[in-house]
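Chemist:
There are 2 protein chains.
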Amino acid sequence: MEIISGGVTAPKGYKAAGIYAGIKKKKKDMALVYSVVPAKAAGTFTTNLVKAAPVIWDRKIIQEYGMAQAVVLNSGVANACTGALGTENNEKMAAFMASELGLKKEAVLTASTGVIGRQLPIEAIAEGCKLLKQELGEDKEHAGLAAEAIMTTDTFAKQYAISFELNGIPVTIGGMSKGSGMIHPNMATMLGVITTDLAISKELLIEAIREDVKDSFNMISVDRDTSTNDSLLILANGMAGNEEITEKNEAYEIFVKALHTITTELAKMMASDGEGATKLFECRVTGADTKEQAVILSKSIITSNLVKTAIYGNDANWGRILCAMGYAGASFDPDKVDLYIESCAGSLKLVENGMAMDYSEEMATEILKQKEVSAIADIKSGNCMATAWGCDLTDKYVYINADYRS
Amino acid sequence: MEIISGGVTAPKGYKAAGIYAGIKKKKKDMALVYSVVPAKAAGTFTTNLVKAAPVIWDRKIIQEYGMAQAVVLNSGVANACTGALGTENNEKMAAFMASELGLKKEAVLTASTGVIGRQLPIEAIAEGCKLLKQELGEDKEHAGLAAEAIMTTDTFAKQYAISFELNGIPVTIGGMSKGSGMIHPNMATMLGVITTDLAISKELLIEAIREDVKDSFNMISVDRDTSTNDSLLILANGMAGNEEITEKNEAYEIFVKALHTITTELAKMMASDGEGATKLFECRVTGADTKEQAVILSKSIITSNLVKTAIYGNDANWGRILCAMGYAGASFDPDKVDLYIESCAGSLKLVENGMAMDYSEEMATEILKQKEVSAIADIKSGNCMATAWGCDLTDKYVYINADYRS
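So the protein sequences, as listed, match chains A and B. Quick note: the first sequence uses the working numbering, first residue 1, plus one each step. Quick note: the second sequence uses the working numbering, first residue 1001, plus one each step.
(1) Could you tell me if A/N314 is buried or exposed, where buried requires 16 or more neighbouring beta carbons within 10 angstroms of its beta carbon?
(2) What is the DSSP secondary structure of A/A149, reduced to helix, strand or coil?
(3) Could you spell out the range, first to last residue, of the alpha helix (DSSP H) harbouring B/R1284?
(4) Could you tell me which residues DSSP puts in a beta bridge with A/F45?
(5) In chain B, which residues lie less than 8 angstroms from A/I376 when you measure between Cβ atoms?
(6) Closer than 8 angstroms by C-beta to A/G175: which residues in its own chain qualify, once you throw out the five before and the five after it? Chain order, please.
(7) With which residues is B/P1170 paired in a DSSP beta bridge?
(8) Output the distance between the C-alpha atoms of A/I4 and A/I169, rounded to the nearest integer angstrom.
(9) Can you find the residues in the same chain that come closer than 8 angstroms, C-beta to C-beta, to B/K1104, ignoring five residues on each side of it along the sequence?
(10) Put B/M1187 into one of helix, strand or coil per three-state DSSP.
(11) Along chain B, which residues have their Cβ under 9 angstroms away from the Cβ of A/I116?
(12) Counting only the same chain and skipping the five closest in sequence on each side, list residues whose C-beta sits under 7 angstroms from that of B/I1296.
(13) Measuring CA to CA, which of B/N1048, B/A1017, B/A1039, B/G1018 is closest to B/S1201?
(14) Output yes or no for whether 7 angstroms exceeds the beta carbon distance between B/G1066 and B/N1237.
(15) Sorted by chain position, which residues of the same chain lie with C-beta nearer than 7 angstroms to B/I1302's C-beta, five sequence neighbours on each side aside?
(16) Which stretch, first to last residue, makes up the beta strand (DSSP E) that contains B/N1074?
(17) Which class does B/S1408 belong to by DSSP, given the choice of helix, strand or coil?
(18) Does DSSP classify A/V115 as helix, strand or coil?
(19) So the alpha helix (DSSP H) A/E138 belongs to, where does it begin and stop?
(20) Determine whether the Cβ of A/G313 lies closer than 7 angstroms to any Cβ atom of chain B.
(21) Inspect the CB distances between the stretch 250–257 of chain A and the stretch 332–349 of chain A and report whether three or more fall short of 8 angstroms.
(22) Could you tell me which residues DSSP puts in a beta bridge with A/S360?
(23) Let me make sure I understand the geometry here. Which of A/R118, A/K308, A/L73 has the alpha-carbon closest to that of A/G128?
(24) Check each residue of the stretch 1149–1179 of chain B: if its Cβ is closer than 7 angstroms to any Cβ of chain A, include it; give the result in chain order.
(25) Quick check: A/K28 and A/G43, are their CB atoms within less than 7 angstroms of each other?
(26) Have a look at A/A364 and A/V373 and give me their C-alpha separation to the nearest angstrom.
(27) Residues of chain A with CB closer than 8 angstroms to the CB of B/P1399, please, in chain order.
(28) A/P334 and B/V1050 look like a contact to me (Cβ under 8 angstroms); what is the Cβ gap, rounded to whole Å?
(29) On the DSSP letters alone, give me the boundaries of the alpha helix (DSSP H) that A/E203 sits inside.
(30) With 7 angstroms as the threshold, decide whether the Cβ of A/M239 is near any Cβ in chain B.
(31) Assuming B/A1070 and B/L1101 form a contact by the criterion Cβ under 8 angstroms, report the distance between their Cβ atoms to the nearest whole angstrom.
(32) Looking at C-alpha atoms only, which residue of A/Y34, A/A377, A/L393 is the closest neighbour of A/A310?
(33) Spatial neighbours of B/L1306 within its chain, please: CB distance less than 6 angstroms, with the 5 preceding and 5 following residues excluded, ordered by chain position.
(34) Name the residue from A/A277, A/V351, A/V37, A/K15 whose alpha carbon lies nearest to the alpha carbon of A/Q370.
(35) Using a Cβ-Cβ distance cut-off of 7 angstroms, determine whether B/C1283 contacts chain A.
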């Protein structure tokens, strides 16, 4: 398994584009991911009761056909809470793009991100679809342009690619995603597109992505707000030429491992680029009796505003971590907890059996000052663990969100 | 029912003191509430698995005896995650205070607030108990000093008092509480003491306070962090001379109503004085099928970081409110929601049947600029409702908490 540069165009048979269509003020705002042949399509979507129009469309396409050939995405307007007109505009976006590509509209998945409640500027979308078709390219620059065009408050474009071999045949997976506010995915994240040239059955593609998000995108949080638009889409066009995977054999396991590397890396990029964040905050809970218990505890820690502000202040205020575990809703014995912090600057045990160690505050601050910091809580009961990723909460998060629409 | 000035010393037979004992750097840090005769005692406490030593002590006293004569409180150190030494120090605090007052230690309830994980400076506590005894007074100034001494990051002391008549006999209730971070009470709030001269049976006193917090303290949130120390204590010393309330008669209803006024007002003060907050944010969900549904939806709105930052920015970004309802975990039809905002500057309908109205953004900003603002979401299904109180999320919250221990 090898990490390669690039993103959604890394596998065979995929092209991409990212352009400015006039939805946002000056920045790129439309992207296209296109497979030259029909691809198996799967996805996971937000659990929010308020679902954006593109989420409803994609779920229907994937359930009814399980195939698609393109994903058209826009940033700037989320097309959520937009009623019948929003549904109509979303279908128009798919139809415009399909017409440019010579496809039927049911072959085009859609995704939107941006302000809730505003209607899509449909003329701009129509022009954007034309431009996207013209600008399509298969090199990594084009993948980068697409990743850039779906950014909202993100500070960098997020993409990742991996290649591996199945019986001597090279297979590639590429992906892109965007954050960076309203991030607390539940079954999916706010706009991610994964492409692969793997040949795999529809059923196993669906199962792979559903299982995967539980340990990747669903384990990150920027602000505990599960968005209305969360969508993770995966296209598999079979152009690698491998024997189609139709059972959970070794080839499936290799694919799942590669997929997980991509989704985890994209998820971590999203957490580290959380709105206003200065660092990635990883939290591992070990010694749990069940995986679920470890998930609940680790997510409670990374979502606590008080923990997040302490991390911002490089303050080893570990009481807040134990407090966040205590109200998480999973059982454990507070008097058995060991707590460590860790980063490239070193590792330090802060708490043993629920009580403070006599540690150096200077050392603790030095560890927490780094760009990627971890907290490890060992609850010393069973053998299960989970890892969650978040970020610090900063004054910049407040500025960004007090002022988002203006 | 009449609102009167003062706090915990307003009812007959109560004295209070607030002094500087040297636990914090310069501010008052110990308080005492004392009843001249033994009082019925009840309380509700944090649901956090990590419970501070005083919480464990008070629960035991209330369960075993149901009577107490004093509450000694300190700020600066929470006495949570402090192991066996913490338990011992808490018992010493009760014993020191009991000895000064000529009581046995089981007649003294305790409460602590401040940094988690640090041990109580026990010599300072011993000296503090002596001083508290010397400084006891029954006027409203002394109640104010006690309310001041339990403050941590609070910007003002919180107290309230009400008097009412039962068959011509005047009865009084007074109360004090403190916020203002780690506030997301669950069955109780971070340090509240209510005093009354009412005569009431132990059982009904317990029931009254348990029922009350569901609609008062448990409906506020500053940062979704349920503290390790939440304690609401109530003392009823019977000195009003009313016929003891032993059943749910009219007198009980009058008491419950007066109690609810005090707890709600204290709760709202705590929400409005949330760390770094510039305004009180009230959210009412109406038209729900069940009370529980309305509670879940209203609390989800007031706890969303994205809603809270928009409120700070005076931005009617209503999509975030619908989004927070959508992931709350209670069912409703997004296409039926009407949403209003309201303050002393006016009232405005933003959303009808889940879609934006054509409202004036200037008017919306004017409404949201006020010190107390409300959002009302009508989900148009049933006849139940709930109200929750929170505050905006500001850069100052981040500064306070990135830097709390230094």
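Glycine included, C-beta positions come from ideal geometry on N, C-alpha and C. These numbers were taken from a predicted model, which means no experiment stands behind them.
Modeler: For this structure:
(1) For the purposes of this step, residue 314 of chain A is taken as the residue at position 314 of the first sequence. When all chains shown are included, A/N314 counts as buried.
(2) Here the question's residue 149 of chain A lines up with position 149 in the first sequence. Helix at A/A149.
(3) Within the second sequence, the letter at position 284 stands for residue 1284 of chain B. Not the alpha helix (DSSP H): B/R1284 falls in the beta strand (DSSP E), residues 1280–1288.
(4) Here residue 45 of chain A corresponds to residue number 45 of the first sequence, with the count starting at 1. According to DSSP, A/F45 bridges with A/S231.
(5) Reading the first sequence from its first residue, position 376 is the one you call residue 376 of chain A. What A/I376 touches in chain B: nothing, since even the nearest Cβ is about 17 angstroms away.
(6) The count along the first sequence starts at 1 and reaches residue 175 of chain A at position 175. Here the set comprises G7, V8, Q159, Y160, A161, G192, V193, I194, T195, I262, T263, L266.
(7) Sequence index remark: in the second sequence, residue 1170 of chain B carries index 170 (1-based). Looking at the DSSP assignment, B/P1170 forms a beta bridge with B/E1165.
(8) As a position in the first sequence, residue 4 of chain A is number 4, starting the count at 1. As a position in the first sequence, residue 169 of chain A is number 169, starting the count at 1. For A/I4 and A/I169, the distance between alpha carbons rounds to 16 angstroms.
(9) As a working note, residue 1104 of chain B is residue 104 in the second sequence. For B/K1104, where only same-chain residues beyond five positions count, the Cβ hits under 8 angstroms are A1098.
(10) Numbered from 1 along the second sequence, position 187 holds the residue referred to as residue 1187 of chain B. Bear in mind that the predicted position of B/M1187 carries a pLDDT of just 38, short of 50, making it too unreliable to give a figure here.
(11) Mapped onto the first sequence, residue 116 of chain A falls at position 116. By Cβ distance, chain B contributes N1317, W1318, G1319, R1320, L1322, C1323.
(12) As a first step, residue 1296 of chain B must be located in the second sequence, where it is residue number 296. The answer, listed in chain order, is A1328, G1329, A1330.
(13) The residue you call residue 1201 of chain B lines up with position 201 of the second sequence. Looking at the Cα atoms, B/A1039 is the closest of the given residues.
(14) In the second sequence, the residue the question calls residue 1066 of chain B occupies position 66. In the second sequence, the residue the question calls residue 1237 of chain B occupies position 237. Taking 7 angstroms as the Cβ cut-off, B/G1066 and B/N1237 do not qualify as a contacting pair.
(15) Numbered from its first residue, the second sequence carries residue 1302 of chain B at position 302. Closer than 7 angstroms at the Cβ level, and outside the excluded window around B/I1302, lie S1221, F1281, C1283, A1388, W1389, G1390.
(16) Looking up residue 1074 of chain B in the second sequence gives position 74. It spans 1067–1077 - the beta strand (DSSP E) in which B/N1074 sits, taken as one unbroken run.
(17) There is no way to answer for residue 1408 of chain B, as the model of chain B reaches only from 1001 to 1406.
(18) Walking along the first sequence from the start, residue 115 of chain A turns up at place 115. DSSP places A/V115 in strand when its eight states are reduced to three.
(19) As a working note, residue 138 of chain A is residue 138 in the first sequence. First-last for A/E138: undefined, no H or E at that position.
(20) Reading the first sequence from its first residue, position 313 is the one you call residue 313 of chain A. Yes, A/G313 lies at the interface with chain B (some Cβ there is under 7 angstroms from its Cβ).
(21) no
(22) On the first sequence, residue 360 of chain A is found 360 positions in, with the first residue counted as 1. DSSP links A/S360 through a beta bridge to no other residue.
(23) Residue numbering aside, residue 128 of chain A sits at position 128 when the first sequence is read from its first letter. Among A/R118, A/K308, A/L73, the Cα nearest to that of A/G128 is on A/L73.
(24) none
(25) Here residue 28 of chain A corresponds to residue number 28 of the first sequence, with the count starting at 1. Here residue 43 of chain A corresponds to residue number 43 of the first sequence, with the count starting at 1. No, these two residues do not count as a Cβ contact at 7 angstroms.
(26) Taking the first sequence and counting its residues from 1, the one referred to as residue 364 of chain A is at position 364. Taking the first sequence and counting its residues from 1, the one referred to as residue 373 of chain A is at position 373. For the pair A/A364 and A/V373, the Cα-to-Cα distance works out to about 11 angstroms.
(27) In the second sequence, the residue the question calls residue 1399 of chain B occupies position 399. Note that residue 1399 of chain B corresponds to Tyr in the displayed sequence, not to Pro. Simply D395.
(28) Taking the first residue of the first sequence as 1, we reach residue 334 of chain A at position 334. Taking the first residue of the second sequence as 1, we reach residue 1050 of chain B at position 50. Between B/V1050 and A/P334 the Cβ distance is about 5 angstroms, and since that is below 8 angstroms, they are a contact.
(29) On the first sequence, position 203 is the one that residue 203 of chain A refers to. Bounds of the alpha helix (DSSP H) holding A/E203 are 202–215.
(30) Taking the first residue of the first sequence as 1, we reach residue 239 of chain A at position 239. Chain B contact via Cβ: absent.
(31) For the purposes of this step, residue 1070 of chain B is taken as residue 70 along the second sequence, with counting starting at 1. For the purposes of this step, residue 1101 of chain B is taken as residue 101 along the second sequence, with counting starting at 1. That pair is a contact at about 6 angstroms.
(32) As a working mapping, residue 310 of chain A is identified with position 310 in the first sequence. Selected option, being the one with the closest Cα: A/L393.
(33) Looking up residue 1306 of chain B in the second sequence gives position 306. These residues qualify, in order along the chain: R1320.
(34) Translated into positions along the first sequence, residue 370 of chain A becomes position 370. For the set A/A277, A/V351, A/V37, A/K15, the Cα lying nearest the Cα of A/Q370 is the one of A/A277.
(35) The residue given as residue 1283 of chain B occupies position 283 in the second sequence. By this cut-off, B/C1283 is not an interface position.
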